[in-house]
Amino acid sequence: MESIFKEARLKRRILFPAIGIIPILMIGTFVYESWQLQNEIRQVVQMRARVLKDYFSRVSSQAKALGFSMSDYLSRHERSVSEIRIRERIRSYPDRNFFEVADREQDTDPYRFISGSLTGEGSGTSLPETSIREMEAALSLEGQFQALTDSESEVLWAYYMSIQKFIYLAPKTDVLKVHFQETFFQAPFWVSASPEKNPERKQVITDLYDDLAGKGFLISVSQPVYFRNRFVGVAAIDIGLNAMRRILETGDCLGESMLIAENGNIVAKAGDLMLGDRPFPFAIDGSFEVGDIVRKDWAYWTLYEVREGEIHLVHKIQLSEYIKFIIERLLPFWGLVLTLAAVCLLYVKLRASMYQVYQLSHTDPLTGITNRRGFLKSTQRSLSAGKRRGKAWSVLMIDIDHFKQVNDRYGHGTGDRILKEVADTLFKSVRKTDFVCRWGGEEFAVFLSGTAQESAREIADHLRTEIQGRVRLEDDVSITISVGVAQGRGNDQCIESALGRADEALYQAKAGGRNKVCEYELVNF
Numbered sequence: 001m002e003s004i005f006k007e008a009r010l011k012r013r014i015l016f017p018a019i020g021i022i023p024i025l026m027i028g029t030f031v032y033e034s035w036q037l038q039n040e041i042r043q044v045v046q047m048r049a050r051v052l053k054d055y056f057s058r059v060s061s062q063a064k065a066l067g068f069s070m071s072d073y074l075s076r077h078e079r080s081v082s083e084i085r086i087r088e089r090i091r092s093y094p095d096r097n098f099f100e101v102a103d104r105e106q107d108t109d110p111y112r113f114i115s116g117s118l119t120g121e122g123s124g125t126s127l128p129e130t131s132i133r134e135m136e137a138a139l140s141l142e143g144q145f146q147a148l149t150d151s152e153s154e155v156l157w158a159y160y161m162s163i164q165k166f167i168y169l170a171p172k173t174d175v176l177k178v179h180f181q182e183t184f185f186q187a188p189f190w191v192s193a194s195p196e197k198n199p200e201r202k203q204v205i206t207d208l209y210d211d212l213a214g215k216g217f218l219i220s221v222s223q224p225v226y227f228r229n230r231f232v233g234v235a236a237i238d239i240g241l242n243a244m245r246r247i248l249e250t251g252d253c254l255g256e257s258m259l260i261a262e263n264g265n266i267v268a269k270a271g272d273l274m275l276g277d278r279p280f281p282f283a284i285d286g287s288f289e290v291g292d293i294v295r296k297d298w299a300y301w302t303l304y305e306v307r308e309g310e311i312h313l314v315h316k317i318q319l320s321e322y323i324k325f326i327i328e329r330l331l332p333f334w335g336l337v338l339t340l341a342a343v344c345l346l347y348v349k350l351r352a353s354m355y356q357v358y359q360l361s362h363t364d365p366l367t368g369i370t371n372r373r374g375f376l377k378s379t380q381r382s383l384s385a386g387k388r389r390g391k392a393w394s395v396l397m398i399d400i401d402h403f404k405q406v407n408d409r410y411g412h413g414t415g416d417r418i419l420k421e422v423a424d425t426l427f428k429s430v431r432k433t434d435f436v437c438r439w440g441g442e443e444f445a446v447f448l449s450g451t452a453q454e455s456a457r458e459i460a461d462h463l464r465t466e467i468q469g470r471v472r473l474e475d476d477v478s479i480t481i482s483v484g485v486a487q488g489r490g491n492d493q494c495i496e497s498a499l500g501r502a503d504e505a506l507y508q509a510k511a512g513g514r515n516k517v518c519e520y521e522l523v524n525f
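The UniProt record's numbering puts the sequence shown at residues 1 to 525.
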């Protein structure tokens, strides 16, 4: 029984901590990996926000430059003579009700070739002088428009549209397909910058809308133009969705980045979108801390400001995608941990099996105490430890009296019970430093460490009395034992010779009537 308890304790001592540590380790690594991933996301999203901020700042400055240049030209040339012969260059399309200012191959005209298209409503034959002057101002920005819309630029359109019903649009396009129309006054770039919607006269960025000229989804950076405190038009730069998508996809980052307007509408995102999408579940009113990663609606969200009060970069990670990504990252490590745990479990199993084999080979299967092999090995270790000190030690040989008659009369079941009870009584009656074994049959041996023969006799008498008082047959007849006592010394390493002497003393006890203790004659070793 003791070996079983030891094996169980061994398993509990190793297996339970291992089983407890594995989930703690897995949870701990998941939390750490989540923290690492959030830091990586912040770094990439911050970088995207900085790039977008710089990009919008540059486009904003360019749009302001267009607007201020228009106002400045109108102020400086209000009464001067024009060098641009606008009226001579007007080409009318009466069937379409529009006109254009065409190129002119005359060396004296500084803007004989233009990189854009200037078109207006009507025939253009009776334009007022104010319209002519405003067209001249637009053409004077030829260099700026050309730089904004060169072949490598990400600007789709740069233009100036006047309340006088004309538009200068760069780059140049087929005027039969794209020319000024009255419906342009309903476009977001105009409506959002008009005095009715924008009394503060500030530059505005529109929501995403479908290009009137067919270049897909875009946003406009619109700069209202005023002359003598009067609204005259809008200078605008259009940025295509693809340009913003490239920035939103910069860097390797889990999730999806998108640009959100102040009203919550989506401006741009990498994936598919619908106009008027409102994917952000928070009010952009300062209650959401910039840079925080917040979980809501089964997703993680973080926000960075791109243009104060107008445009924010929002990054979204689906919760399922987030968890899956972390688990995939941790799978190799978790696999290693589980493999090590499996190896550890196999080791424990192997060790327990080896321990069980050891116990089976050193333990008596009936009584559960040490057998002869285990007894000799245990006593030999004790003798080796006490050799230098020369301490006395003694052995007892014990035989159950008339055990054969017990088996014959009461049966082997009773005999087995008697053996177990005698073994249990002996085991419980000696010290932990002593050893008890079933020597064979009905014989038992006891090793008494650090005990002289005189004390050993007293212990033997005590054991005899205990057995007689505790172990009984079915008819309440007491079981008795005979004991032989022999002494050894620290420098005597032969336990077998001491047991032989104790066996001789046992023989004397049995010959003398049984139920008694006999000592072997003391000999100096």
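No residue lacks a Cβ here, since even glycine has one placed at the ideal position from N, Cα and C.
Quantities reported herein were computed from a predicted structural model and do not represent experimental measurements.
Counting along the chain, the unbroken beta strand (DSSP E) around His-315 starts and ends at 311–318.
Checking the DSSP bridge columns, you'll see Pro-224 partnered with Val-234. In the three-state scheme derived from DSSP, where H, G and I count as helix and E and B as strand, Ile-114 is classed as coil. With respect to the C-alpha of Arg-96, the residue from Gln-181, Arg-381, Gly-415 and Cys-344 having the closest C-alpha is Gln-181.
If you draw a 10 Å sphere on the C-beta of Tyr-32, you find fewer than 16 other C-beta atoms in it, and that means exposed. With distances taken between CA atoms, Glu-443 lies nearest to Tyr-507 out of Thr-414, Tyr-507, Leu-383 and His-412. A direct Cα-to-Cα measurement between Ala-511 and Val-485 gives close to 15 Å. Counted as a single uninterrupted DSSP element, the stretch harbouring Tyr-520 is not any beta strand (DSSP E), since DSSP gives it neither H nor E. Lys-165 carries a coil assignment under DSSP once its states are collapsed to helix, strand and coil. Under the three-state reduction of DSSP, Leu-396 is assigned to strand. Cα atoms of Ala-423 and Arg-438: separation of roughly 8 Å, rounded to the nearest angstrom. Relative to the Cα of Asp-103, the nearest Cα in the group Ser-92, Tyr-93, Ser-115 and Pro-94 belongs to Ser-115. Going by DSSP, Val-406 is part of no beta strand (DSSP E) but of the alpha helix (DSSP H) stretching over 403–410.
Cβ contact annotation for Gln-380 (same chain, cutoff 7 Å, sequence separation greater than five): Ile-495, in chain order. DSSP links Asp-210 through a beta bridge to Phe-217. Beyond the five residues adjoining it in sequence on each side, Tyr-347 comes within less than 6 Å, by CB distance, of no other residue in the same chain. With a contact defined as Cβ atoms closer than 8 Å, Val-101 and Met-70 miss out at about 16 Å. A straight line joining the alpha-carbon of Gly-122 with that of Arg-91 spans about 11 Å.
Listed in chain order, the non-local C-beta contacts of Thr-149 below 6 Å within the same chain comprise Val-155, Ala-158, Ala-170 and Pro-171, local neighbours out to five positions each way being set aside.
By the Cβ-count criterion, Ala-342 is exposed, with fewer than 16 other Cβ atoms from all chains shown falling within 10 Å of its own Cβ. Thr-119 sits in a strand when the DSSP states are folded into three classes.
Along the segment 408–449, the alpha helix (DSSP H) occurs as fully enclosed runs of 4 or more residues at 412–429, listed in sequence order. Annotated three-state conformation of Ile-86 is coil, per DSSP. Note on Lys-269: 16 or more other CB atoms within 10 angstroms of its CB, so buried under the neighbour-count rule. 8 Å or more divides the Cβ of Ala-456 from the Cβ of Leu-463. Around the CB of His-315, 16 or more other CB atoms lie within 10 Å, so the residue is classed as buried. A direct Cα-Cα distance of roughly 30 Å separates Ser-478 from Arg-373. Thr-302: member of the beta strand (DSSP E) spanning 299–307, first to last residue.
Around the Cβ of Thr-125, a 10 Å sphere holds fewer than 16 other Cβ atoms; the residue is exposed. A distance below 6 Å between beta-carbons, with the five flanking residues on each side excluded, links His-179 to the following residues of its chain, in chain order: Phe-98 and Thr-119. Under the 10 Å beta carbon count, Asn-263 is surrounded by fewer than 16 other beta carbons and is classified as exposed. Annotation: Arg-245 to Ala-187 spans about 23 Å, alpha carbon to alpha carbon.
Val-225 sits away from Ile-237, with the two beta carbons spaced by 8 Å or more. Residue Ala-137 holds the alpha-carbon nearest to the alpha-carbon of Arg-85 among Gln-487, Ala-49, Ala-137 and Ser-429.
In the three-state reduction of the DSSP assignment, Ser-257 falls in the strand class.
Per DSSP, Ala-486 is one residue of the beta strand (DSSP E) stretching across 481–488.
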